[in-house]
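Q:
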Amino acid sequence: MTHLLSDLARQSLAALRLLVVMTVVLGVGYPAAVWAAGQVVADRADGQPVRLDGHVVGSRLIGQQFDGDQWFHGRPSPNDYDTLASAPSNLGPSNPDLLAGIEERRSEVAAREGVAPADVPPDALTASGSGLDPDISPAYARIQVARVARANGLPVAEVARLVTAHTDGRSLGFLGEPTVDVLGLNLAIATTVADRGGD
Amino acid sequence: MSDATSGLLTIAVLVALLAAAYVPLGDYMARVLTSTRHLRVERTVYRLTGVDPAAEQGARSYATSVVGFSLVSVVVLMAILLGQAHLPMSRDLPGMPWWMSFNTAVSFVTNTNWQSYAGESTLGFAAQMAGLAVQNFLSAAVGIAVAVALLRGFTKSRSGTLGNFWVDLTRATVRILLPLAFVAALLLVLGGVVQSFTDTTITTLAGHSQVLTGGPVASQESIKELGNNGGGFFNANSAHPFENPTALTNLLQVFLILVLPVALTRTLGTMLGNRRQGLAVLSVMGLLWSVSLAVTTWAEVGGHSAAARAAGAAMEGKETRFGEWASALFAVATTGTSTGAVNASHDSLTPAGGGAVLVNMMLGEVVPGGVGAGLYGILVMAILTVFVAGLMVGRTPELLGKKISARQMTYVALYTLTTPALVLVGTGAAIARGSTADAMGNPGGHGFSEVLYAYTSAANNNGSAFGGITVTSDFFQLTLGLAMLLGRLVPIVLVLLLAGSLAAQGKVPVTAGTLPTHTPLFVGMLVAVLVVMTGLTYFPALALGPIAEALT
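Residue numbers (the UniProt record's numbering), protein chains in the order written: chain Y, 1 to 199; chain L, 1 to 552.
Written as structure tokens, this is what we have:
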């Protein structure tokens with residue numbers, strides 16, 4: 001037993017030394033090297049900032065809270081798109097609170113968009129995995145077109161065109177789901193409204 | 001293209017990528033781990049560390065090294081977490097509380113990466129990089145080292161030694177994990193994963209305030225998946241768009257999760273000089289993994305839950321860009337290995353889907369299991385299988401030219417009892433406490449599942465969670481921390497003692513009476529042993545949780 005303990009003490013010294021060496025290599029050198037190489041695509045390494053009039057107003061990748069009829073709305077978020085508290089709802093598949101919440105959202109969205117409750121798509125009724133989902137489904141974007149057009153005084157066809165322009169297909173044509181970039185779309189709406197106001 | 005076509009194509013491409021990596025990567029790892037030459041950089045490491053790379057270690061010495069290294073790592077990581085306020089780039093965050101830092105340090109050193117904290121609001125960049133990510137590498141390297149030591153138990157004859165832990169650890173880090181993680185991190189940055197050192201506060205388009213959180217995310221993300229660690233830089237883990245921005249990065253992450261455990265079966269075949277044995281082990285893993293994927297995908301895509309029926313699809317807790325198919329695939333990959341990263345909320349999975357990923361962990365993390373840990377885990381189960389077969393025909397069991405006697409079976413029996421005991425005693429103790437009901441995030445059987453999932457994940461060193469549960473009380477921090485520590489070190493010590501006892505034996509010749517262990521028959525027997533063992537151990541607990549929920 002004493003032999004085992006003295007061996008443990010001796011080995012622990014080697015362990016400590018190795019840990020220090022490895023911390024320098026893996027904990028400082030490696031992330032710094034990835035950062036340096038990432039500067040070749042600095043925009044991506046920095047999280048794809050989105051700018052309006054030179055100011056950063058968000059990231060292509062991170063959803064934002066949009067209320068009000070002039071905007072396309074994102075998915076329900078348990079944290080109101082707070083990036084310092086990324087989280088799903090973690091409500092279980094049989095949780096009565098979740099079931100009630102889904103029904104409540106269904107009637108809200110149906111009333112807001114003037115569509116039948118059955119036509120509200122699933123992503124409008126459910127929170128995402130991060131609470132920061134930047135995207136909605138093309139179906140959810142479609143049912144919002146009429147309201148956004150009306151609220152902004154834009155032709156429906158123009159808004160529908162912008163939705164199409166901000167719809168991404170599956171990655172490489174087959175991976176994942178088709179999505180609509182909500183921030184990019186709302187930015188385009190805002191820009192279009194501003195341009196028309198300037199005419 | 002339909003969702004089903006897209007989902008099936010994704011799985012096909014994943015399998016093709018794994019198949020392409022299988023031979024070159026598996027053989028490369030075998031070469032690295034058996035080579036007699038040291039790289040110059042490795043010699044420098046040995047000199048700075050004061051290690052004699054030529055010294056061979058017996059089982060006890062090897063085990064002492066692993067335990068000593070792990071305990072020192074826990075202490076150092078705890079110090080970093082407690083004192084992070086004094087480190088650069090701390091984002092003005094205070095040190096982690098005592099019990100949380102104990103739990104977190106144990107979690108990352110044991111390759112579990114259970115997270116009772118939220119990264120974005122708790123940790124500075126230095127603590128993430130120099131504390132957590134370092135252990136992402138080293139804990140995976142420890143897994144590889146122990147697996148290789150067990151393989152040497154089979155290849156060596158009448159030998160008192162198993163190799164040198166420090167050499168195995170250094171090589172696995174320098175020649176396998178670091179280069180692969182570096183390339184993967186670059187690909188992730190190209191795919192949009194963040195690698196910056198600044199947080200930027202902005203005003204959103206609608207006039208709200210939002211912080212665009214920076215961080216060395218890509219460098220941590222690649223080793224998080226490759227090393228089967230799973231600890232997210234952010235709380236939302238791989239569901240967070242800065243960790244996993246597109247369906248393409250998602251596929252890359254699933255590939256990284258699976259590639260080392262899969263290729264290590266080739267390493268096994270190559271090192272044993274019996275490649276069909278490697279394929280047989282891979283077949284066992286692949287069979288069970290496929291069943292798990294089929295069940296989870298059926299449950300999620302089919303929307304077999306009350307919430308999914310109410311909403312029209314099982315999209316609660318899932319990101320739009322991934323959808324149900326890629327979320328189910330990720331969930332099965334991350335729980336079948338000991339990764340524990342998530343790209344969707346496991347708490348919100350359908351009862352059958354959540355149950356399937358829970359069973360994945362209960363199988364003992366062998367489909368295909370953690371880096372190295374999956375390999376030694378399945379070899380232990382293979383010994384149990386030849387033992388059961390030996391009982392049936394009345395012959396002394398043998399595996400890979402080694403006799404399996406009472407001594408080996410003692411280690412195997414203790415190994416197979418350790419994790420279930422930690423899971424069931426831990427769950428039982430937690431449930432017996434009145435305050436646990438308040439910690440549950442969901443009512444009824446699902447709340448019980450959250451507790452069961454927590455101890456299953458901790459003791460099996462997975463790290464994923466049914467995240468609705470609040471685990472910040474001292475009781476959970478301590479008991480889950482102990483479950484992780486004992487669930488890691490006790491099996492490792494037993495495996496090394498087993499390896500030592502095998503290495504000391506001579507080889508027994510193959511005779512007509514030897515049960516071949518590379519055949520479909522043996523694959524079927526090993527699958528059966530795994531399923532029966534898991535079923536016997538966990539069925540009552542599962543019946544109270546996911547099974548009850550699925551049937552209501």
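By construction, the Cβ of each residue, glycine as well, lies at the ideal position given by its N, Cα and C atoms.
For the beta strand (DSSP E) that contains Arg51 of chain Y, what are its first and last residues?
A: Counted from its first residue, the first sequence places residue 51 of chain Y at position 51. Start and end: Pro49 to Leu52.
Q: Could you tell me if Arg44 of chain Y is buried or exposed, where buried requires 16 or more neighbouring beta carbons within 10 angstroms of its beta carbon?
A: Mapped onto the first sequence, residue 44 of chain Y falls at position 44. The residue is buried, with at least 16 neighbouring Cβ atoms inside 10 Å.
Q: Taking 7 Å as the cut-off, decide whether the C-beta atoms of Ala310 of chain L and Leu132 of chain Y are in contact.
A: Residue mapping note: residue 310 of chain L aligns to position 310 of the second sequence, counting from 1. Residue mapping note: residue 132 of chain Y aligns to position 132 of the first sequence, counting from 1. No. Outside cutoff.
Q: List the DSSP bridge partners of Leu212 of chain L.
A: For the purposes of this step, residue 212 of chain L is taken as residue 212 along the second sequence, with counting starting at 1. Looking at the DSSP assignment, Leu212 of chain L forms a beta bridge with L:Thr200.
Q: For the segment 63-93 of chain L, which residues have a CB atom closer than 8 Å to at least one CB atom of chain Y, in sequence order?
A: Thr64, Ser65, Val67, Gly68, Phe69, Leu71, Val72, Ser73 and Val76
Q: Quick check: the segment 234-251 of chain L against the segment 209-225 of chain L, are at least 3 beta-carbon pairs closer than 8 Å?
A: yes
Q: Start and end of the beta strand (DSSP E) containing Val57 of chain Y?
A: Position 57 of the first sequence, counting from 1, holds the residue named residue 57 of chain Y. Counting along the chain, the beta strand (DSSP E) containing Val57 of chain Y begins and ends at His55 to Ser59.
Q: Among L:Gly160, L:Pro368 and L:Ala331, which has the Cα closest to the Cα of Thr350 of chain L?
A: Reading the second sequence from its first residue, position 350 is the one you call residue 350 of chain L. Considering only alpha carbons, the answer is L:Ala331.
Q: Would you say Thr350 of chain L faces chain Y, with C-beta separation under 7 Å as the test?
A: Numbered from its first residue, the second sequence carries residue 350 of chain L at position 350. Yes, Thr350 of chain L counts as interfacial toward chain Y.
Q: Is the number of C-beta pairs between the segment 497-517 of chain L and the segment 119-126 of chain L that are closer than 8 Å three or more?
A: no
Q: So, helix, strand or coil for Val482 of chain L, using DSSP?
A: Working through the second sequence from its first residue, we reach residue 482 of chain L at position 482. As written in the sequence, residue 482 of chain L is Leu, which differs from the Val given in the question. In the structure shown, Leu482 of chain L adopts helical secondary structure according to DSSP, grouped into three states.
Q: Starting from the Cα of Arg60 of chain L, find the closest Cα among Y:Gly47, Y:His3 and Y:Val156 and give me that residue.
A: Position 60 of the second sequence holds residue 60 of chain L. The candidate whose alpha carbon is nearest that of Arg60 of chain L is Y:His3.
Q: In chain L, what lies closer than 7 Å to Gly54 of chain Y by C-beta?
A: Reading the first sequence from its first residue, position 54 is the one you call residue 54 of chain Y. The contacting residues do not exist; Gly54 of chain Y stays about 13 Å from chain L at best.
Q: Under a CB-based cut-off of 7 Å, is Ile143 of chain Y close to chain L?
A: Translated into the one-based positions of the first sequence, residue 143 of chain Y becomes position 143. Output row for Ile143 of chain Y: interface = no.
Q: To the nearest whole angstrom, what separates the beta carbons of Gly26 of chain L and Arg266 of chain L, a pair I think is in contact under 8 Å?
A: For the purposes of this step, residue 26 of chain L is taken as residue 26 along the second sequence, with counting starting at 1. For the purposes of this step, residue 266 of chain L is taken as residue 266 along the second sequence, with counting starting at 1. That belief holds up - the Cβ atoms of Gly26 of chain L and Arg266 of chain L are roughly 2 Å apart, short of 8 Å.
Q: Would the segment 188-196 of chain Y and the segment 264-282 of chain L be scored as touching if the rule is three or more Cβ pairs under 8 Å?
A: The answer is no - the segment 264-282 of chain L does not touch the segment 188-196 of chain Y, with fewer than three Cβ pairs under 8 Å.
Q: How would you write the range of the alpha helix (DSSP H) that Asp7 of chain Y sits in, first residue to last?
A: Along the first sequence, read from residue 1 onward, the residue named residue 7 of chain Y stands at position 7. First-last of the alpha helix (DSSP H) with Asp7 of chain Y: Thr2 to Met22.
Q: Using only the alpha-carbon positions, how far apart do Arg147 of chain Y and Ala111 of chain Y sit?
A: Position 147 of the first sequence, counted from the start, is the residue given in the question as residue 147 of chain Y. Position 111 of the first sequence, counted from the start, is the residue given in the question as residue 111 of chain Y. Approximately 11 Å, taken between the alpha carbons.
Q: Using only the alpha-carbon positions, how far apart do Ala133 of chain L and Ala14 of chain Y sit?
A: Mapped onto the second sequence, residue 133 of chain L falls at position 133. Mapped onto the first sequence, residue 14 of chain Y falls at position 14. Cα to Cα, the separation comes out at about 20 Å.
Q: When we look at the beta-carbon of Leu178 of chain L and count the other beta-carbons within 10 Å, is it buried (16 or more) or exposed?
A: Mapped onto the second sequence, residue 178 of chain L falls at position 178. Looking at its Cβ environment, which holds 16 or more other Cβ atoms inside 10 Å, Leu178 of chain L is buried.
Q: Nearest chain L C-beta to Val115 of chain Y closer than 7 Å, yes or no?
A: Locating residue 115 of chain Y in the first sequence gives position 115, where the first residue counts as 1. Answer no: the Cβ-Cβ gap between Val115 of chain Y and chain L never drops below 7 Å.
Q: Please check the pair Gly481 of chain L and Asn103 of chain L, which I expect to be a contact at CB under 8 Å, by giving their CB distance rounded to whole angstroms.
A: Taking the first residue of the second sequence as 1, we reach residue 481 of chain L at position 481. Taking the first residue of the second sequence as 1, we reach residue 103 of chain L at position 103. Taking 8 Å as the upper bound for CB-CB distance, Gly481 of chain L and Asn103 of chain L are in contact here, some 4 Å apart.
Q: According to DSSP, is Gln39 of chain Y part of a helix, a strand, or is it coil?
A: Counted from its first residue, the first sequence places residue 39 of chain Y at position 39. In this structure, Gln39 of chain Y counts as helix in the three-state DSSP scheme.
Q: Compare the C-beta of Ser130 of chain Y with all C-beta atoms of chain L and state if any pair is closer than 7 Å.
A: Here residue 130 of chain Y is taken as the residue at index 130 of the first sequence, counted from 1. Chain L contact via Cβ: present.
Q: Considering only the beta carbon of each residue, do Val163 of chain Y and Ala141 of chain Y sit closer than 7 Å?
A: Taking the first residue of the first sequence as position 1, residue 163 of chain Y is located at position 163. Taking the first residue of the first sequence as position 1, residue 141 of chain Y is located at position 141. Contact flag set, yes.
Q: What did DSSP end up calling Gln195 of chain L once you bin it into helix, strand or coil?
A: To locate residue 195 of chain L, count along the second sequence from 1; it is residue 195. Gln195 of chain L falls in the strand class under three-state DSSP.
Q: Please confirm whether Leu422 of chain L has its beta-carbon closer than 7 Å to some beta-carbon of chain Y.
A: As a position in the second sequence, residue 422 of chain L is number 422, starting the count at 1. False, the Cβ-Cβ gap to chain Y never drops below 7 Å.
Q: So who's on the other strand from Ile136 of chain Y, going by DSSP bridges?
A: Taking the first residue of the first sequence as 1, we reach residue 136 of chain Y at position 136. Answer by DSSP bridge pairing, in chain order: Y:Val180.
Q: Which class does Asp474 of chain L belong to by DSSP, given the choice of helix, strand or coil?
A: For the purposes of this step, residue 474 of chain L is taken as residue 474 along the second sequence, with counting starting at 1. Reduced to three states, the DSSP call for Asp474 of chain L is helix.
Q: Taking beta-carbon pairs under 7 Å, can you tell me which members of the segment 92-117 of chain Y lie near chain L?
A: Gly92, Pro93, Ser94, Asn95, Leu98, Leu99, Ile102 and Glu103
Q: On the DSSP bridge assignment, give the partners of Ala344 of chain L in chain order.
A: Counted from its first residue, the second sequence places residue 344 of chain L at position 344. DSSP lists L:Lys318 as partners of Ala344 of chain L.
Q: In whole angstroms, what is the alpha-carbon distance linking Leu26 of chain Y and Ala188 of chain Y?
A: The residue labelled residue 26 of chain Y in the question sits at position 26 within the first sequence. The residue labelled residue 188 of chain Y in the question sits at position 188 within the first sequence. C-alpha separation (whole angstroms): 43 Å.
Q: Relative to chain L, which residues along the segment 157-183 of chain Y have a C-beta separation below 7 Å, given in chain order?
A: Arg170, Ser171, Leu172, Phe174, Leu175, Gly176, Glu177, Thr179 and Leu183
Q: Between Arg44 of chain Y and chain L, is there a C-beta pair that is closer than 7 Å?
A: Translated into the one-based positions of the first sequence, residue 44 of chain Y becomes position 44. Interface residue, yes.
Q: So, Ala459 of chain L versus Leu422 of chain L, is the Cβ gap smaller than 7 Å?
A: As a first step, residue 459 of chain L must be located in the second sequence, where it is residue number 459. As a first step, residue 422 of chain L must be located in the second sequence, where it is residue number 422. One thing to note: Ala459 of chain L has its Cβ within 7 Å of the Cβ of Leu422 of chain L.
Q: Bridge partners for Thr167 of chain Y per DSSP, in chain order?
A: Numbered from 1 along the first sequence, position 167 holds the residue referred to as residue 167 of chain Y. Within the DSSP secondary-structure output, Thr167 of chain Y pairs in a beta bridge with Y:Val180.
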